[in-house]
Amino acid sequence: MLITTAPAFPAELTFDIKIERGRVPDAMRLIRVNEGDIVKLRWTSDQPIVLHLHGYDIEKRVAPGAITELAFTAYATGRFPIHVHPQGAGSGGHTHEDAPLATIEVYPR
Ligand SMILES: [Cu+2]
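Positions in the sequence shown are counted from 1; adding 4 to them yields my numbering.
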């Protein structure tokens, strides 16, 4: 049995995630937070890339040479994949069959 002990109060959590050639290190592929936490994902990438956080439906363009912050409050619990969208494909021009770049798990408090 897995017991998760969430802190009583929401935390502000910052994760620095480095994308290299469209991938993130294995250790950063699963990000666990608790409901209500303020989550800041600070992305860097060696190439231009568009990220899409599902569920929260946030899209962010990450350019090389700068940190791009994707911040949200984890009000919805569950498992939310972060996908890479093709550059300039417009809306609806992508599939989600590929493995996600990373996954965010939000646990109930
Ligand atoms: Cu997507």
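Don't be surprised by glycine CBs; every beta carbon is placed ideally from N, CA and C.
- Looking at the DSSP output, G82 sits in a beta bridge with V110.
- Beta-bridge pairing by DSSP links A75 to K44.
- In the three-state reduction of the DSSP assignment, D20 falls in the strand class.
- Rounded to whole angstroms, the separation of the alpha carbons of E109 and H58 is 12 Å.
- Only residues of its own chain outside the window of five on either side were considered, and among them A106 have a CB closer than 6 Å to the CB of R33, listed in chain order.
- With a threshold of 16 other beta carbon atoms within 10 Å, I86 meets it and is buried.
- V54: member of the beta strand (DSSP E) spanning 53–57, first to last residue.
- Nearest neighbour of Y60 by Cα position, chosen from R113, L74, S49, V28, turns out to be L74.
- Between R46 and V54, the C-beta spacing is not below 8 Å.
- Sorting A70, P112, D102 by C-alpha distance to the C-alpha of I21 places A70 at the top.
- Annotation for V37: the continuous beta strand (DSSP E) segment containing it runs 34–38.
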